[in-house]
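So the sequence shown is numbered by full-length UniProt numbering: it starts at 2 and just counts up by one.
The C-beta atom is built at its ideal place from N, Cα and C for all residues, glycine as well.
Report on the structure given below.
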Amino acid sequence: TQSPTSETAPVVRAPRGAQRTARGWIQEAAKRMLMNNLDPEVAEHPGELVVYGGRGKAARNWEAFHRIVETLDRLENDETLLIQSGKPVAVLKTHEWAPRVLIANSNLVPHWANWETFDRLDRAGLMMYGQMTAGSWIYIGTQGIVQGTYETFASAGKKHFGGSLKGTVTVTAGLGGMGGAQPLAVKLAGGVSITIEVDPTRIQKRLDTRYLDEVADGLEDAIARAERYKSEGVARSIGLLGNAAELVPRLVEIGYTPDLVTDQTSAHDPMWGYIPILAPDEDAGKLRAERPEVYRERAYAAMAGHVRAILELQKRGAVAFDYGNNLRQRAFEAGVENAFDYPGFVPAFIRDSFCEGRGPFRWVALSGDPGDIRATDRALLDLFPGDERLQSWLTYAADQIAFQGLPARICWLGYKERDRAALLFNEMVADGRLKAPVVIGRDHLDAGSVASPYRETEAMKDGSDAVSDWALLNFGVGIASGAAWMSFHHGGGVGLGFSQHAGLVAVADGTPEAAQRLSRCLVNDPGMGVVRHADAGYDLALDTARERGLDLPSLGI
Ligand code: NAD
């Protein structure tokens, strides 16, 4: 923690290097990752402890943050720290193989699992919103989602446009922590994008970090630029300042139909995440503070108009999909009965990957040295020479992705692949090819750890979309397998009442003990994705289970 900018909000940056102050590398890693989540290069609003995704926080308040850091520094190698919605509540004697930290964020008994209850408890200082990787201390900046976003847009290109997005225009909105990955991902998939964003500072941030190429001067100019690039077959990203609830319906009015349309504003949170249409002299923050009910009503009305326009563009030929922010549900609540006429991105483009346990695998160099990530990039290229998507992603990422905070990387790997990568990293720490231990985790856009009926588990083959036993089993499996820290969250991505999900983090510190933990965690965690989809009856998951040796008694496998 460095020079405080005010009494309550310090400027936080994780320590770097191979020296630790905590009593073990897992505790040191948890501390550095919590701090890294709040690094101004990483977090969207670090002063308020907000990492990304509306109000997704890393700790409940600054006092809790400091207590967590102190506790991690004194935590023994046979103790476990409990975090209840961002506050450290107990240190318990456990054993060496147990996780050092267990985290539960934003969980409410189902009958009360709504924003009204949460907001009341949040105001009373009893809870915080953990989003997905914010409160589980494994956020790595916008890069974290680029690969997943790229997978989605690349699949859309494959499915609808003969291989890639070359010669197509995508219209979307939201240049926040996650949404900011969209322009780069569309470009990587070969296409042109127009991304609408209401906050000019978000546009500037994406320009500065090279996620966005240029900014248009109004809607007509954006379309003109996009059409020019489209006809030239050039991949390029265009930012557009404005409110999506005004500009997407405007596309309908002027008769412009893009090839794809989606959205990644923080619609999951109608009070804090989605900005209603405002008069030029109106301020969103003031309206929210002074007349919250009016704010909420206008946000809902804006989302309804936004979705009606997306539905109309779909009718006119655009490929429309929901990008995991629950915009359709908000519009449905506001009276748009056919809001779900366009699909979510998981059933549309991602489910096959989930059936193979394929999903996000991220790692962070605790040395702080970008050279460590370069070394791991090269090692993975050698380890998986036949995986073309991985080869092209890693080659591109190594060259183009700006690091935020501790150097990190993400790629998608499947069942019986992630453990191989993790064990290789552990060897590289042991023999000095890497300068310090590596943290390995994933986000919660994942095959087997999430129950989210409008996102990860939308339209499951057996209708089991809302069954969250699987997420709880995943949480338990991570603990039983010796994760470094595990988390269980409610409401990430799509908002309170709509999801439950678990997060896993492991640490490669070069020891034989770490190798044992890694080989269990990183087989069983993606394995849960295969199990979940095999149980739901997907042939690809059943084949994967048979081929890769899972033991599934109810399926005779
Ligand atoms: P964020 O809160 O950091 O950013 C949201 C952005 O939307 C902000 O920059 C805000 O100014 C802008 N915005 C809000 N209302 C707007 C409007 N009416 N018009 C134009 N811009 C508007 O959130 P984030 O981390 O970028 O996440 C965005 C959403 O995507 C969240 O709902 C999140 O849960 C969801 N999400 C989906 C995935 C996925 O894989 N599908 C992954 C992560 C996040």
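Near the ligand NAD: residue i beta-carbon under 7 Å from a heavy atom
| i | result |
| --- | --- |
| HIS502 | no |
| residue 1 | Outside the shown range of the chain, which is 2 to 558, sits residue 1, and nothing can be said about it. |
| MET179 | yes |
| ILE27 | no |
| ALA423 | no |
| VAL308 | no |
| ILE197 | yes |
| HIS269 | yes |
| GLU49 | no |
| GLY55 | yes |
| ASN326 | yes |
| ASP200 | yes |
| ILE146 | yes |
| TYR275 | yes |
| PHE346 | yes |
| LEU176 | yes |
| ASN244 | yes |
| GLN392 | no |
| GLN265 | yes |
| ARG203 | yes |
| ALA303 | yes |
| GLU334 | no |
| LEU381 | no |
| GLU45 | yes |
| TYR372 | For clarity, residue 372 is Gly in the given sequence; the question names Tyr instead. No. |
| LEU446 | yes |
| GLY494 | yes |
Check whether residue i and residue j have beta carbons under 8 Å apart
| i | j | result |
| --- | --- | --- |
| GLY504 | HIS491 | no |
| ILE311 | VAL347 | no |
| ILE411 | PHE362 | yes |
| ILE441 | TRP364 | yes |
| PRO438 | GLY369 | no |
| SER86 | SER107 | yes |
| GLY530 | ALA448 | yes |
| THR258 | ALA349 | no |
| HIS307 | ALA376 | no |
| ASP444 | VAL478 | no |
| LEU425 | ALA380 | yes |
| ARG237 | VAL193 | yes |
| ALA537 | ALA546 | no |
| LEU220 | LEU314 | no |
| VAL54 | GLN132 | One point to set straight first is that residue 54 is Gly, not Val, in the sequence displayed. Cβ distance < 8 Å, so GLY54 and GLN132 count as in contact. |
| LEU519 | VAL532 | no |
| ALA182 | THR202 | no |
| TYR301 | LEU288 | no |
| GLN265 | THR173 | yes |
| SER450 | ILE104 | no |
| LEU189 | GLY240 | no |
| residue 1 | LEU122 | Absent from the structure is residue 1, since the part of the chain shown begins at 2 and ends at 558. |
| ARG14 | MET36 | yes |
| GLN501 | SER469 | yes |
| ALA227 | ILE204 | no |
| ALA268 | LEU328 | yes |
| LEU82 | THR72 | yes |
Residue span of the alpha helix (DSSP H) that contains residue i, given as start and end
| i | result |
| --- | --- |
| SER500 | Premise fails: SER500 is in no alpha helix (DSSP H) and is neither H nor E. |
| ARG251 | 245-255 |
| GLY449 | Unbroken run through GLY449: none, as it is neither H nor E. |
| SER520 | 513-536 |
| ALA546 | 540-548 |
| LEU122 | 116-124 |
| ILE224 | 220-233 |
Opening and closing residue of the beta strand (DSSP E) in which residue i lies
| i | result |
| --- | --- |
| ALA91 | 88-94 |
| PHE362 | 360-366 |
| VAL440 | 439-442 |
| ILE239 | 237-242 |
| LEU279 | Taken as a continuous stretch (DSSP letters only), LEU279 belongs to no beta strand (DSSP E), as it is neither H nor E. |
| ILE204 | That residue, ILE204, is in no beta strand (DSSP E); its alpha helix (DSSP H) goes 201-209. |
| LEU127 | Note, LEU127: premise wrong, no beta strand (DSSP E); not H, not E. |
| LEU103 | 102-106 |
Any non-hydrogen atom of the ligand COA closer than 7 Å to residue i Cβ
| i | result |
| --- | --- |
| GLY131 | By its list of ligands, the structure shown excludes the ligand COA, since it contains just the ligand NAD. |
Quick check for students: name the residue ranges of the alpha helix (DSSP H) that lie wholly in the segment 368-425, counting only runs of 4 or more.
371-384, 389-401
Those runs of the alpha helix (DSSP H) which lie wholly inside the segment 453-493 and span at least 4 residues:
470-482
Output the residue ranges of the alpha helix (DSSP H) runs that lie fully inside the segment 289-354 and measure 4 residues or longer, sorted by chain position.
293-316, 328-334
Would you list, in sequence order, the uninterrupted alpha helix (DSSP H) runs of no fewer than 4 residues that lie entirely inside the segment 19-79?
As far as the segment 19-79 is concerned, its whole alpha helix (DSSP H) runs of at least 4 residues are 26-38, 63-75.
Along the chain, which unbroken stretches of the beta strand (DSSP E) at least 3 residues long are found entirely within the segment 154-195?
170-174
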